[in-house]
Each structure stands twice: as structure tokens, then as C-alpha cells.
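Q: Heads up, the sequence shown is in our numbering, so the first residue is 340 and it goes up one at a time. For reference, the structure I am asking about is given below.
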Amino acid sequence: MGELTALLAALCFGTTHFAGGMLSRRAAGMTNSLYAQVGGTVLSVAVALVFGGPATAQALAWGALSGRGRRTRLG
């Protein structure tokens, strides 16, 4: 299962780089970033609804903690 997930991640990564480069010819950088974030969010929510189980308090706490850690590191 890990190999399949890695292949899908690589496919998504390559597709977004190609599509982002093509889109940057026609749209501003902020517009390009907005489309990428919205598209990624829609895809992530769809996958979570299809394959995910119920969100536990522990899972939400780890998600919030990882988001906070990333923000601290970048900020």
C-alpha cells in the first residue's frame, strides 16, 4: 500500500508542477496559488470523505499540532 501511495503522490506532484507552469503563462502568481490551494483542498476533502473514518479527538489534536508547528517554523 505504501508503494501505491508514493506513486500517487509523485503523480500528483508532477501534475501540479506541469499545470502550475502552464497556468503561470496566463495568470498572476497569486491567482495560480489560489487555484492550487482550492483544488488541493477539494481533492483532499473528497478523498477523506471516501476513504477516511470518523475523526477522533486525538487525530484532530495531532492535526492542529502539526499545523501549528509548521506555522511556527515558517513564521
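C-beta atoms are modelled at their ideal positions from N, C-alpha and C, and glycine is treated no differently.
When we look at the beta-carbon of residue 365 and count the other beta-carbons within 10 Å, is it buried (16 or more) or exposed?
A: Its Cβ having fewer than 16 others within 10 Å, residue 365 is exposed.
Q: Do you know offhand how far residue 373's Cα is from residue 379's?
A: Approximately 10 Å between the Cα atoms of the pair.
Q: Which residues in the same chain have their Cβ closer than 8 Å to the Cβ of residue 342, if we skip the five residues on either side of it in sequence?
A: Here the set comprises nothing.
Q: Below 9 Å between beta carbons: does that hold for residue 355 and residue 375?
A: Against a cut-off of 9 Å, the Cβ pair of residue 375 and residue 355 comes out as a contact.
Q: According to DSSP, simplified to helix, strand and coil, what is residue 363?
A: Reduced to three states, the DSSP call for residue 363 is coil.
Q: DSSP state of residue 392, grouped into three classes?
A: The answer is coil: DSSP assigns residue 392 none of H, G, I, E or B.
Q: Among 368, 340, 351, which one has its Cα closest to the Cα of residue 383?
A: Comparing Cα positions, the closest option is 351.
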